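Written below as structure tokens is the structure these notes are about.
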Amino acid sequence: MNISLISSYRYDWRFVLGLVAGIYCLINLALPHAPISGTITTYVLQPILWGLLAWAILRLPRYSPAGKLRLKSSLIQLALIIGFFQIGVSVIGGLFSSFGKSPYSFTPLGIFTNLIFVGAMLIGMELSRAWLINRLGRRHTFLALAWVTLLYTLLCLPLAQVTGLGANIESVTFLNSSFLPLVAENLLATFLAFLAGPLASIAYRGILSGFEWFCPILPNPSWVLKGLLGTIVPIVSLV
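Read in order, the letters of the sequence shown are residues 305 to 543 in the working numbering.
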């Protein structure tokens with residue numbers, strides 16, 4: 305990536321938006337049709353793309369989060385507490401429904417490749433989220449929070465799921481059990497990034513991702529309970 309190109313768009317949020325949208329399109333539209341194995345595209349090319357995004361963000365001018373500097377470490381600790389609390393609530397929900405085996409690999413190689421995949425995506429997303437919300441949120445805070453939340457909610461969803469929505473029970477189930485919890489999670493992550501920078505949102509979402517990807521037994525609540533618990537905890541935490 306040309307450093308001079310980054311410098312020329314140094315204060316332009318559209319450059320970052322273009323990078324994020326481009327990566328999403330590559331992952332969902334180009335890579336599935338590439339003459340390369342799915343393992344390479346998923347565990348090599350996708351982490352490279354997210355890593356390039358993180359590198360590009362780090363080349364942009366630094367910013368100061370909206371929260372007070374002396375509160376930054378406290379907000380990061382709070383983000384960790386909320387993440388663990390949300391996991392605890394999910395486990396309690398599993399006690400009232402059921403648990404199931406994780407679909408992910410737990411071989412040493414599987415854990416390593418999943419760690420690279422999840423880690424690169426998490427860092428790329430949260431660095432860019434924090435940059436965007438702190439560039440856009442100073443003048444129009446609520447509008448920027450809503451816009452960035454929606455953008456990163458969509459980034460978490462495969463394009464096929466978004467375009468496949470319709471007037472059927474499967475779509476209702478998806479909206480309740482996946483979409484609404486993702487909106488709530490990304491709203492809280494965006495607010496944390498606005499107040500304390502990317503480390504706070506990485507702390508919160510990293511706890512959730514670590515539990516989902518690296519715990520061999522996961523709660524398996526009904527779609528109604530999953531949507532309720534996954535939405536309420538982040539929203540209440542905003543208060």
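Glycine included, every Cβ here is placed at the ideal spot set by N, Cα and C.
These figures come from a predicted structure and were not determined experimentally.
So what does DSSP say about residue 521, is it helix, strand or coil? strand
Check whether the region 484-492 and the region 369-380 are in contact - that is, three or more C-beta pairs closer than 8 Å. no
DSSP beta-bridge partners for residue 388? Bridge partners of residue 388: none, in fact.
Close beta carbons around residue 383, own chain, < 6 Å, minus the five adjacent residues each side: 496, 504, 507 and 508
Round the Cβ separation of residue 515 and residue 391 to the nearest angstrom and send it over; I've been treating them as touching at under 8 Å. 5 Å
Every unbroken beta strand (DSSP E) inside the region 320-406 [3 residues or more]: 403-405
From residue 439 to residue 374, what distance separates their C-alpha atoms? 21 Å
Of all the options 410, 538, 480 and 513, which has the alpha carbon lying nearest to the alpha carbon of residue 525? 480
Runs of beta strand (DSSP E) lying entirely within the region 460-535, each at least 3 residues, in chain order: 521-523
Apart from the five residues just before and just after residue 517, which ones in its own chain have a Cβ nearer than 7 Å to its Cβ? 408, 418 and 422
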